[in-house]
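Visitor: As you go down the protein sequences, you meet chains A and B in turn. Sequential numbering from -3 applies to the first sequence in our numbering. Sequential numbering from 453 applies to the second sequence in our numbering. We put the CB at the ideal spot given by N, CA and C, even for glycine. Small disclaimer: the values here were computed from a predicted structure and weren't measured. Okay, handing you the structure first.
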Amino acid sequence: MNSSDEHIYAPKLTCGNFVGFKTLVLRECHRFLRVWNQTLVPPLITTMLYILIFGYSLGSRISEVQNVSYMEFLVPGLVMMGVINGAYQNTSSSLYIARFHGNIQELLVSSMSSFEIVLGIILGGVARGICTGVIVSAAAVVMAGVEILHLPTALFFIVVVSFAFASFGFLSGLWAEDFDSLSLFQTYVLTPLTYLGGVFFSVGMLPVLWQKIAMANPILYFVNGLRYAFLGISDISLPVAVVTVLFSAIIPFVACCVLFHRGYHIKT
Amino acid sequence: MTPAVQISKLDKHYPDVTALDGIALEIQPGDFYGLLGPNGAGKTTTINILAGLCNKTAGDVAIFGRDIDDDYRDCRRLVGLVPQEFNFDVFVRLRHMLVFQGGFFGLPRRTCEARADELLAEFDLTDKADTQLRNLSGGMKRRAIITRALMHRPKILILDEPTAGVDVDLRRLLWQYLRRLNAEGTTILLTTHYIEEAEALCDRIAIINEGCIVAVDTTRNLVARLTTEAVHITLTAPLTNGTLENFGELQVEATEGSNELTVTFNRRQMPYHSILERLIAAGVCIDNIRPAGNQLEQVFVNLTRQ
């Protein structure tokens, strides 16, 4: 620090603002943990209801799917649903509300790069996705008696899918002009794709034409990847699922970085 | 000496409007600089470009010699921005907001906590440290966004209409604080609608109108540009018809029976002492003299109406 900079507290940064980045990730985590009863408990209740209705009640009337009970078959999909929704909702609402209140400017005036800001907000969403995944998995293990066969693979899918949907949520939060448009992507894209993404059925149960259509749905790959990790069964080969999930995370993340850097909807 | 802020040929075009049209400004370290202009003149656009909230169309902007695009990290740590609107997450507690903001500038947590406590005490907000921002009064929110801008102890503090809507006591407190901050070496750039505020605080002023700088000078020189002035005079006794006739060529607004009159004059042609001599010669006894309206305001109106 030279003499003319003596009264400045903020350090001169030469290789990135790691402290700023860490602070942002912590703030994003603080944001969803502060209202844990609105962010972490609802997916737990939803999962328990699904297990209760589709597993205990209706599941006994459905024959085994790929040699596992319907209840066991259901669990990985339910975990993936919780992860996808948690990660998506965290970044979309955080960014949109920051734009709405104007407090996105707290970050724009700081000595953080666009990349650090985008990654920081997205990792907040990843943290919520992981928390949701762990809580829902724990409930499923207790209620459905499921064992996780490949824990590292399960963690890989939970983390990367969280990253992908946190990035989609970021794009949605950046694009939305009002609260109604914020929910459009979730209503018209995310929810239908999730329900048609093999959470409740094996793709082999569908007519041939629908099987081909279903293969174009990336969520099918994520659900089956996690199902392989939990139960060792899948409609999709593991390498294909891994490559799909990695691309699904990288492409929206790059789009987030480019748009944010250009100031799309955040700078005049 | 490297200027604190150097702006040259700065343009900002929106699809249907030109907000800034090739403006140039130079602010020296230690200046208390005022940027005055009517609504939509380009004041906020200028300071938003300086702070990194707005992308410029063309031109060069440097903060202490660092380009705001090429060396943005260094520029941002040198600048603190107090926006006009309350732009914070209203559900966050005041102290958390300050600590997070310090962190965004790369300050370690302990430094942030110490600095936050110091600023909260200075702005009389210590007992509100754990209050959610939505529960603060308007004056407290105003103080809160000033403390946030000061967390990283910037070399240049930019304030956009800082006293809009605040009561007299708080305005005086803020003026006092800003004067002290400036005396301690912080360069201050202020936009304001209150011309009285600019005249009281700023040593240099730029007047901006329709995206162009129309005047840049010291406050004293700008006021000295004013040639036509008016003064209100209170008399010890009411005016009589005879007295009114004695004013001759003096331009006086007055009514018979009143003890108030307004004299308008060209200062270069008729100095103050000459006005007083003529009034006394006309037979009036003066009780009080005060300027009719703010002087800088008249300069401002003249320049922005041209």
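(1) Note down the Cα distance separating residue 260/A from residue 165/A, rounded to an integer number of angstroms.
(2) Within the same chain, show all residues whose beta-carbon is closer than 7 Å to that of residue 43/A, passing over the 5 residues directly before and after it, in chain order.
(3) Could you work out which residues of chain B lie near residue 98/A, taking near to mean beta carbons separated by less than 7 Å?
(4) Excluding sequence positions up to five away, which residues of its chain have a Cβ less than 8 Å from the Cβ of residue 248/A?
(5) If we cut at 8 Å on Cβ distances, does residue 558/B have a partner in chain A?
(6) Compare the C-alpha of residue 150/A against each of 35/A, 27/A, 72/A and 232/A and name the closest.
(7) Output the distance between the C-alpha atoms of residue -2/A and residue 108/A, rounded to the nearest integer angstrom.
(8) Which same chain residues end up closer than 8 Å to residue 196/A when comparing Cβ atoms and leaving out the 5 residues on each side of it in sequence?
(9) Using a Cβ-Cβ distance under 8 Å, would residue 563/B count as near chain A?
(10) Identify each residue in the region 241 to 256 of chain A for which the Cβ-Cβ distance to at least one residue of chain B is less than 9 Å, and report them in chain order.
(11) Report back the beta-carbon spacing between residue 606/B and residue 530/B to the nearest angstrom; my notes put them in contact at under 8 Å.
(12) Is it buried or exposed for residue 244/A, if we count other Cβ within 10 angstroms and need 16 for buried?
(13) Decide if the region 219 to 234 of chain A is in contact with the region 459 to 473 of chain B; the criterion is three or more beta carbon pairs, one per stretch, under 8 Å apart.
(14) Report whether the distance from the Cβ of residue 585/B to the nearest heavy atom of the ligand ATP is below 7 Å.
(15) Please list, in chain order, the residues of the region 621 to 647 of chain B that have any C-beta partner in chain A closer than 7 Å.
(16) Any beta carbon from chain B within less than 8 Å of residue 20/A's own beta carbon?
(17) Establish whether the CB of residue 503/B and some CB of chain A are separated by less than 8 Å.
(18) Taking the beta carbon of residue 597/B as the centre, do at least 16 other beta carbons fall within 10 Å, making it buried, or is it exposed?
(19) Output, in chain order, the set of chain B residues within a Cβ distance shorter than 7 Å of residue 106/A.
(20) For residue 117/A versus residue 91/A, is the C-beta spacing smaller than 8 Å?
(21) Using 10 angstroms around the beta-carbon of residue 506/B, count the other beta-carbons present and answer buried if the total reaches 16, otherwise exposed.
(22) Short check: CB of residue 419/B to CB of residue 504/B, under 8 Å?
(23) Out of 127/A, 39/A, 111/A and 66/A, point me to the one whose CA is closest to residue 25/A's CA.
(24) For residue 742/B and residue 715/B, I'd like the C-alpha separation in whole angstroms.
Guide: This is what the structure gives:
(1) 15 Å
(2) 74, 78, 132, 135 and 136
(3) 537 and 539
(4) 160, 163, 164, 166 and 167
(5) For residue 558/B, the answer is yes, since a Cβ of chain A falls inside 8 Å of its Cβ.
(6) 72/A
(7) Since pLDDT at residue -2/A reaches only 45, below the 50 mark, its modelled position is unreliable, and no value is offered.
(8) 50, 70 and 73
(9) yes
(10) none
(11) 6 Å
(12) The residue is buried, with at least 16 neighbouring Cβ atoms inside 10 Å.
(13) no
(14) The model on display carries no ligand, and the ligand ATP is accordingly not part of it.
(15) Against chain A - using a Cβ distance shorter than 7 Å - the residues of the region 621 to 647 of chain B are 637.
(16) Judged by the 8 Å Cβ criterion, residue 20/A is in contact with chain B.
(17) yes
(18) Its Cβ being crowded by 16 or more others within 10 Å, residue 597/B is buried.
(19) 528, 556 and 557
(20) yes
(21) Of the other Cβ atoms in all chains shown, 16 or more fall within 10 Å of the Cβ of residue 506/B; this residue is therefore buried.
(22) Absent from the structure is residue 419/B, since the part of chain B shown begins at 453 and ends at 758.
(23) 127/A
(24) 11 Å
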